[in-house]
Amino acid sequence: MPLDLFSLSLLAMLAACLGAGMYLGLARGHRSERGVSTLAAGGATHQLGWLLWALATFNSHQWLSWLGVLCLLLGQLVLLAGTRRTFARPALLGWWGALVPLWLVALIMSLSGLILPHQAPLLHALLLAPLAFQISREAFHPGNDEHWSAPRWLLVGCMQGLSLTLALSALGTASGVLSLERAASIWAILACLISLILPYSYQLLVAHRLHARLSKLVRYDALTGLLNRRGLEEHAGRELHRTRKHNGSMGLMLIDIDQFRVVNQRYGYGAGDVALKKCARELRKILGEDALIGRIAGEEFCVLLNDYNSQQLRTLAVEIEMSLQALAIEHGDHCFHLSVTLSLVKYGRHGYQFESLLQKAEEKLQYRKGNLRGENPAGSGAITITPAA
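When we follow the working numbering, the leftmost residue of the sequence shown carries the number -7, and every step to the right adds one.
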């Protein structure tokens, strides 16, 4: 055995042990995260496969190398399931599970002498390379994250590199371009890299997704999915900067559900939650998915509107008011309609900062609600209740 292959095999075994420890740390540090336990189990099995394969290079035991390939195969299958679970998809293996019976058939053929020693790496690669490519595809799926992140690029690159290197080295060995010793050295280098980079990429991926989810919870309302007060303030700061820079126009609309407390008292908080979610969906339907809409208080919504003139703002306000008041809120055995009050302010005319605009909109809102109550106490400010259909 060449000295370089001996040294590389030792390094591969050391890397496999270190990688297994990284998967163990991943499971202990993020045990409550979706799919982490599956990733840890698959990763540990994958590392065991590299360890067994590296051991097989010392004594050239054919059965030990095939056992290592089996562990690599099982580890990749579990990693595939864990990757799908991490990205909130069903952990279904489909026809990929058929690779295990194929491994058994290839082993029997190899032990029976039907497969020559220089052909074994090709079969190993045919079993492992497609599955590695599929794992990278699962991480590459465009619906996984809102934006691409460096951990995903690292995971995809790692698995794509594994698949490509396995295939090229196996083809080189089968065609006689590479000797068995040279191919074994390439696999040993690959084992060192994959055993360290792959668990590290999964660690980064899980940590990044956890950070992104926590960041979203801080800036978005959990009930309606709209921006909360903090998220709206951050977006408003950027929009105001853009408006000042380009000398544009921006309006702020405040929407308040009248007598919302009566809904909670009469029908329970579940009915109030249904009403808020329906109002949020209706606002999204009218204004579009990219509109800046926030729930800044219990029953108050705030909308930032760019590049609208005064007439367009008034027309939009009437449309929103009529649409929200036409909503039928059904909960249990009851059906009722909500009444809403709106106020509008414009950048420049009523203020130049988000807080000043919001304060002015709140003052106008309270003034209008007071006028409505004085003019018609049982009219626009009341909740209309009708029996469920």
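No residue lacks a Cβ here, since even glycine has one placed at the ideal position from N, Cα and C.
Taking the C-alpha atoms as reference points, what is the distance between residue i and residue j?
i    : j    : result
L196 : L6   : 22 Å
G181 : G41  : Here residue 181 turns out to be Ile, not Gly, going by the sequence shown. Looking at the two C-alpha atoms, the distance is approximately 15 Å.
D250 : S302 : 25 Å
G260 : L215 : 16 Å
R253 : I247 : 15 Å
L91  : V97  : 10 Å
R234 : A228 : 10 Å
M101 : A176 : 21 Å
G280 : K269 : 16 Å
Q351 : Q317 : 25 Å
F293 : E274 : 12 Å
R221 : R144 : 31 Å
G264 : H238 : 41 Å
A380 : H326 : For A380, the predicted model reports a pLDDT of 40, less than 50, meaning its position is unreliable; a value from the coordinates is still stated below. If you take the alpha carbons of A380 and H326, they lie about 5 Å apart.
A48  : P82  : 36 Å
F132 : A8   : 25 Å
L108 : S207 : 56 Å
A353 : R77  : 45 Å
Q396 : C63  : In the structure displayed, the chain extends from -7 to 381; residue 396 sits before or after that span and is not available.
L84  : G217 : 29 Å
Mind checking whether residue i and residue j have CB atoms under 8 Å apart?
i    : j    : result
L224 : G286 : yes
A12  : Q39  : yes
A124 : S171 : no
T37  : G67  : yes
H22  : L202 : yes
L188 : L10  : yes
G74  : G17  : no
W87  : L119 : no
V28  : V198 : yes
Y382 : P191 : This structure does not reach residue 382, given that the chain is present from -7 up to 381, and the question cannot be answered.
E25  : F79  : no
D299 : G240 : yes
V169 : H116 : no
A166 : H110 : yes
R211 : E226 : yes
G262 : H323 : yes
My understanding is that residue i touches residue j, with C-beta atoms under 8 Å, so please give their C-beta distance in whole angstroms.
i    : j    : result
C184 : A4   : 5 Å
M242 : E231 : 6 Å
L163 : L114 : 7 Å
S382 : L160 : As displayed, the chain neither begins before -7 nor continues past 381, which places residue 382 out of reach and without an answer.
L319 : C271 : 7 Å
A46  : S1   : 5 Å
A283 : I321 : Rounded, the Cβ-Cβ distance is 22 Å, inconsistent with contact.
Counting contacts by CB-CB distance shorter than 8 Å, is residue i in contact with chain B?
i    : result
G229 : Considering every chain present, this structure includes no chain B. It has just one protein chain.
Please classify residue i: is it buried, with 16 or more other beta-carbons within 10 angstroms of its beta-carbon, or exposed?
i     : result
F(-2) : exposed
G89   : exposed
Q304  : exposed
D(-4) : exposed
A121  : buried
L43   : buried
A142  : exposed
E291  : buried
S128  : buried
S307  : As written in the sequence, residue 307 is Thr, which differs from the Ser given in the question. Label assigned to T307: exposed.
S57   : buried
T157  : buried
L383  : Any property of residue 383 remains undetermined from this structure, which presents the chain solely from -7 to 381.
A32   : buried
A370  : The predicted model places A370 with a pLDDT of 42, which falls under 50 and marks its position as unreliable; any figure quoted below should be read in that light. By the neighbour-count rule (16 or more Cβ atoms within 10 Å), A370 is not buried but exposed.
A112  : buried
### Query
Does the stretch 331 to 349 come close enough to the stretch 298 to 314 to have 3 or more Cβ pairs within less than 8 Å?
As far as the Cβ criterion goes, the stretch 331 to 349 touches the stretch 298 to 314, which means the pair count is three or higher.
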